[in-house]
Every structure is written in structure tokens, then in C-alpha cells.
Amino acid sequence: DPERPIRPDELIEQFLPEEDRKPAGIAFFRLAVILLFVAALLLTWRSTPLVTLVEPQTITDWVTILRDSPFAPLYVLAGYVLGALTLAPISLLIIATATAFDPLFGFSYALGGSLLSAMLTYGLGRLLGRKMVLRLTGRRLVRLRRQISRHGFLSVLTVRILPVAPFTVVNMVAGAWQIHARDFFLGTLFGMAPGIFAV
1 DPERPIRPDE
11 LIEQFLPEED
21 RKPAGIAFFR
31 LAVILLFVAA
41 LLLTWRSTPL
51 VTLVEPQTIT
61 DWVTILRDSP
71 FAPLYVLAGY
81 VLGALTLAPI
91 SLLIIATATA
101 FDPLFGFSYA
111 LGGSLLSAML
121 TYGLGRLLGR
131 KMVLRLTGRR
141 LVRLRRQISR
151 HGFLSVLTVR
161 ILPVAPFTVV
171 NMVAGAWQIH
181 ARDFFLGTLF
191 GMAPGIFAV
């Protein structure tokens, strides 16, 4: 609790030191590239048969096939692993699983898929090492790396409850900074289970 109101420039300095700031031109360029990509994606989506993939009947057919298949757990686990490797939002995968299956199966599959994909990307981070993960994640996550390396289980638990970075990035950073696998697994389990249960 500060003793006096903090000026905006001081607040920015505390949360984003000078060395982490990037020129505005780079940010505008990135925004323009993202907008062009989204426009191209929308154009492709509307002008090709891809739009039929999201028709209610198509989705219903897919869910029925998946739910009735004896290999449904394997498909779901593979989907979570693929999602983690492509940086898909874990929350979307959990919601899709909850929608497709009964509550007990949905909870079990979503938690199992989350844990499996977390451990695999944790292992990938450990395999790649600190230098490579630092190159992939950039300097923006310096505080996250420090926090995770200092407090292990509690840090992993916290970033699962209050996500501060993409799921896969957190996993790779934890692996690269040699967080004990047991602490990482338990932090992920206890941090994600309540949210998955609520969904």
C-alpha cells in the first residue's frame, strides 16, 4: 500500500523496466501483422468449404463419434498434447471436453489431458535447457522465471490459479529452470483441478 499516489510513469517503471520496453514501431508492426493474418483467415474461412466444419450438425456428429468411441480417452489425451504443442489455450480444451462428455468423464479426461500435456511440455523445457527456452519466451517472463525457480510448488500452484502466461510457456519455463518434477506435478494438479471441476 503506497504512502502516496504513484505517478503513471513510476508505475510503468516498476512493472516494466527500461530494458524490457520495446519501441512503439515494433508493437504497431506486430499489430498490423496480426490483423492481416486474422483478415486472411476470415477471408479463407468464408470463401472455402471450411465454414461447414462449424455447422451445428457437423459438430454434433463429431461429438457423438468421439463420445461413443472406445478410444475416446486416447483421442482426448492426444488432443491435449497437440494443443499444448501448438499453444492452444488450455481453457478452450477444457470447455470442449466438458461439453463433449458427461461430468465425471469430462472432469477426468480434462484433468488427465492437462496433466499429461503439462508434464510433456515440462520435459520439453528441461530437454531444451535454459538458453533455448529463454530465446523462445523472450525477456518478458524474467519475473515468472525468478518466481518459479524460487518457490517451486507454491509458484506453480499460483500460476495455475491465476494464469500469468500461456500454459505451455509456464510448463517449459518450469522444466528449463529445473523445478522438481513432483512439485510441478502437484502444483499443476491442485492448481487446475478446482477450475476444471467448476467448468
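Counting in my numbering, the sequence shown runs from 1 upward without gaps.
Glycine included, every Cβ here is placed at the ideal spot set by N, Cα and C.
Pick from the options that is closest to residue i, judged by C-alpha positions
| i | options | result |
| --- | --- | --- |
| residue 96 | 104, 110, 85 | 110 |
| residue 89 | 122, 5, 81, 166 | 166 |
| residue 132 | 180, 112, 172 | 172 |
| residue 85 | 181, 103, 120, 106 | 120 |
| residue 153 | 175, 179, 106 | 179 |
| residue 161 | 184, 194, 68 | 194 |
| residue 163 | 41, 66, 106, 187 | 187 |
Cβ neighbours of residue i in the same chain (closer than 8 Å, five flanking residues each side left out)
| i | result |
| --- | --- |
| residue 198 | none |
| residue 189 | 111, 115 |
| residue 181 | 119, 122 |
Exposure of residue i, with buried meaning 16 or more beta-carbon neighbours within 10 Å
| i | result |
| --- | --- |
| residue 64 | exposed |
| residue 62 | exposed |
| residue 101 | buried |
| residue 75 | exposed |
| residue 201 | In the structure as shown, the chain starts at 1 and stops at 199, and residue 201 therefore has no counterpart that could be examined. |
| residue 157 | buried |
| residue 93 | buried |
| residue 91 | exposed |
| residue 196 | buried |
| residue 38 | exposed |
| residue 203 | No answer is possible for residue 203: the residues shown for the chain start at 1 and end at 199. |
| residue 129 | exposed |
| residue 176 | buried |
Contact belief for residue i with residue j at Cβ below 8 Å, rounded distance in angstroms
| i | j | result |
| --- | --- | --- |
| residue 104 | residue 77 | The pair is not a contact, with the Cβ atoms about 17 Å apart (cut-off 8 Å). |
| residue 87 | residue 168 | 5 Å |
Neighbourhood of residue i by C-beta distance below 7 Å, restricted to the same chain and skipping five residues each side
| i | result |
| --- | --- |
| residue 36 | none |
| residue 67 | 100, 101 |
| residue 174 | 122, 125, 148, 156, 184 |
| residue 73 | 109 |
Cβ-heavy atom distance, residue i to the ligand HEM, below 7 Å
| i | result |
| --- | --- |
| residue 69 | Of ligands this structure carries none, so the ligand HEM is not represented either. |
Own chain partners of residue i with C-beta closer than 6 Å, once the 5 adjacent residues on each side are dropped
| i | result |
| --- | --- |
| residue 98 | 106, 199 |
| residue 159 | 170 |
| residue 113 | 76, 77, 80 |
| residue 192 | 114, 160 |
| residue 203 | One cannot answer for residue 203 here, as it falls past the ends of the chain, which runs 1 to 199. |
Does the structure place the segment 35-48 close enough to the segment 67-86 that three or more beta carbon pairs sit under 8 Å? no
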